[in-house]
Each structure stands twice: as C-alpha cells, then as structure tokens.
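Engineer: Can you keep this structure in mind? I'll have questions shortly.
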Amino acid sequence: MTGNTLIVFSVTTDPHLHSPMYFLLASLSFIDLGACSVTSPKMIYDLFRKRKAISFGGCIAQIFFIHVIGGVEMVLLIAMAFDRYIWPLTVAICKPLHYQSIMSPRMCILFLGAAWALGVSHSLFQLAFIVNLPFCGPNVLDSFYCDLPRLLRLACTDTYRLQFMVTVNSGFICVGSFFILLISYIFILFTVWKHSSGGSSKALSTLLAHITVVTCFFGPTLFVYTWPHPSSQMDKFLALSDAVLSPFLNPVIYTFRNKDMKAAMKRVFGSLVILRKIS
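Counting along the sequence shown from 1, when you hit position 26 you're at 26 in full-length UniProt numbering, and nothing is skipped either side.
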C-alpha cells in the first residue's frame, strides 16, 4: 500500500514525471491499491478468528472487484508494452516528436477508458450467470478469498457449462492478453537490437522490469483459469500470490530500477520536510 501510494503521489505531483509511461505506471499502481484492498483486509482479519465466514454479498463483491481489477491490469500492461515499443522506435530513428503525437494524453485516456470498460463488462458478464445459482451447503470455500472456480463447485446444480464458460471467458482474456504481450516483446527486442543506442538501452532496461511484472501477474492467473482441477494447496498458494505478491512487487521493481522515480520520491520527501519545518 505504501509503495503504490508513493508512486501515484509522486507521478501526480512531480512535473518531471508527466509523461505517458509514468501516467500508465501510476494507473497500474492505483489498480494495485485496489487489488490490495479487495481481499487482503478480510484475509488478515480471518487469521485472528476461529470461525472464518463471509456473506454471500461479500463473496460476490470480492469476485466482482477481483475480475474488474484483473481486466483493467491486463489492458494497462498491454498499453505499457505498446508505449515501450513506440518509444525506442521513434527515438532510434531520431523522430522523438512522433512519440509525443502517438502516445498523446488523449491516447493514454483512451487506453485507461478501454481498460475499465473491459474489466467491468467482463466481470458483470460472469456474475450475471452465478448470482441466482442455488447453494444448499455445506458452503465451505477452501481458499483465502472468493473466486469463481471454487464458488461454482458449491452450487447444488450441474455447473459444467458455467465452469466451461468461465474457463473460456477468463482463460481467453488471459491467454489472449499474454500472447499480445509476447508478440509486443518480440517487436520491442527486434527494434532495440536493430537500433542500439542510449535510448534503446534505457528502453530495454524498462522492458526487463515490465517482463518481470507480467510474469508475476500472468503466472498464477493463467494456471487458475486454464487448469481444469488445480490442487487445493497449489490453488491457495496461487491465490495468495495473486492477491499480495504481485501488488507488492510492482512498486519494488519499478521504483528500484528507475532513477527518475527515485529522484521524484526524494523531491517529494524533501518538499514534505520543508513544509513540516515551516509549519
């Protein structure tokens, strides 16, 4: 929470970071704040209770926000890959103004709007089929939080078609986004290899951090939504990783590998110290 909040605050207040790349990074950190807030508080609260329970409405709310956040994050990662492709290409051919015209503020807003539209529509589409399912008990989820695959197994009716629909819907979005990113990386690496320069080296360094984030995010997601019957213990580990590890690693990877971000945070802390002394 602290790392992602610092990134959002630094990008918002520091004029040196008012660029497409940092706008998308701040949007990703904002989404990670949501990811931390959806499941982690309830998970921590349950650690201190013998009887761990959640209402049906709370369970549906968790599922809704998990899939909204997941859909938004996938589109944002694709947008960041697109930005990393445009930047080395335009700098390498000595036409940086083309980058500003392509990755304009309007384009960034369109990416963000498309991300939220996909996330909300994807989540609502799946919830429309499960809110009226009959659950006759025992309603016990062997997991840290609610998600569609395990909730469907508790229904008192045949949910084979619904499970197949969830696998196709979520799995198709995950696999499709992953292959789009994979193709983007191939183009970026080819561009960097073809035009080796200082700007390209910086783009390659940023790309490596991006690949690390994508691997941490898509690894558990692909396994949960494309693997038919994951083991209980493995499912728990992946659930914990997806809810806690990915939002934690994003600010660590992007902050400690980025000199501009570290400099911006120092300026923010310096301003806060000065304001405190004045007050």
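Ideal Cβ placement from N, Cα and C applies to all residues, glycine included.
If you follow the alpha helix (DSSP H) that residue 331 is in, where does it begin and where does it stop?
Structural biologist: As displayed, the chain neither begins before 1 nor continues past 279, which places residue 331 out of reach and without an answer.
Engineer: So A26 packs on V75, CB below 8 Å; how close in whole Å?
Structural biologist: Rounded, the Cβ-Cβ distance is 15 Å, inconsistent with contact.
Engineer: Going by C-alpha distance, which of L154, A35, D147, A128 is nearest V140?
Structural biologist: Of L154, A35, D147, A128, the residue nearest in Cα terms is L154.
Engineer: Does E1 come out as helix, strand or coil in the three-state DSSP assignment?
Structural biologist: It should be pointed out that residue 1 corresponds to Met in this sequence rather than to Glu. Three-state DSSP puts M1 in coil, outside helix and strand.
Engineer: So, do the stretch 46-57 and the stretch 18-35 have three or more beta carbon pairs nearer to each other than 8 Å?
Structural biologist: no
Engineer: Considering Cα atoms alone, identify which of M43, T12, R150 is closest to S241.
Structural biologist: Among M43, T12, R150, the Cα nearest to that of S241 is on M43.
Engineer: In this structure, does DSSP put A128 in helix, strand or coil?
Structural biologist: When DSSP states are grouped into helix, strand and coil, A128 belongs to the coil group.
Engineer: Hey, how far is the Cα of F218 from the Cα of P20?
Structural biologist: 23 Å
Engineer: Restricting to Cα atoms, I'd like to know which of L77, A79, E73, S40 is closest to Q62.
Structural biologist: The option with the nearest alpha carbon to Q62 is S40.
Engineer: I42 lies in the alpha helix (DSSP H); which residues open and close that run?
Structural biologist: As written in the sequence, residue 42 is Lys, which differs from the Ile given in the question. Its alpha helix (DSSP H) spans residues 20-47.
Engineer: Near L77, which residues of its chain fall below 8 Å by C-beta distance, leaving aside the five closest residues on each side in sequence?
Structural biologist: L28, S177, L181, H210, V213, V214, F217
Engineer: Helix, strand or coil, according to DSSP, for R12 in the structure here?
Structural biologist: Here the sequence assigns Thr to residue 12, which means Arg is not the residue at that position. Correct three-state label for T12: helix.
Engineer: Report the rounded CA-to-CA distance for S10 versus Y185, giving the unit in angstroms.
Structural biologist: 28 Å
Engineer: Going by the beta-carbon positions, is the gap between C156 and C136 smaller than 8 Å?
Structural biologist: yes
Engineer: Using the Cβ count rule (16 or more neighbours within 10 Å means buried), how would you classify I7?
Structural biologist: buried
Engineer: Below 8 Å on the Cβ atoms is my guess for A264 versus H16; work out the distance and round it to an integer in Å.
Structural biologist: 6 Å
Engineer: Please classify F144 as buried or exposed, where buried requires at least 16 neighbouring CB atoms within 10 angstroms.
Structural biologist: It is buried - the Cβ of F144 has at least 16 other Cβ atoms within 10 Å.
Engineer: Compare the C-alpha of F129 against each of F23, L208, K259, R161 and name the closest.
Structural biologist: R161
Engineer: Determine the burial state of M1: buried for a count of at least 16 other Cβ atoms within 10 Å of its Cβ, exposed for fewer.
Structural biologist: exposed
Engineer: With a 10 Å radius around its C-beta and 16 neighbouring C-beta atoms as the bar for buried, classify L208 as buried or exposed.
Structural biologist: exposed
Engineer: For D147, count neighbouring C-beta atoms within 10 Å of its own C-beta (all shown protein chains included) and say buried if the count is 16 or more, exposed if not.
Structural biologist: buried
Engineer: When burial is assigned at 16 or more other CB atoms within 10 Å of the CB, is I188 buried or exposed?
Structural biologist: buried
Engineer: Answer with buried or exposed for V168, where buried requires no fewer than 16 other C-beta atoms within 10 angstroms of its C-beta.
Structural biologist: exposed
Engineer: Is it true that the CB of V166 sits closer than 8 Å to the CB of G119?
Structural biologist: no
Engineer: The alpha helix (DSSP H) spanning R150 covers which residue range?
Structural biologist: 148-152
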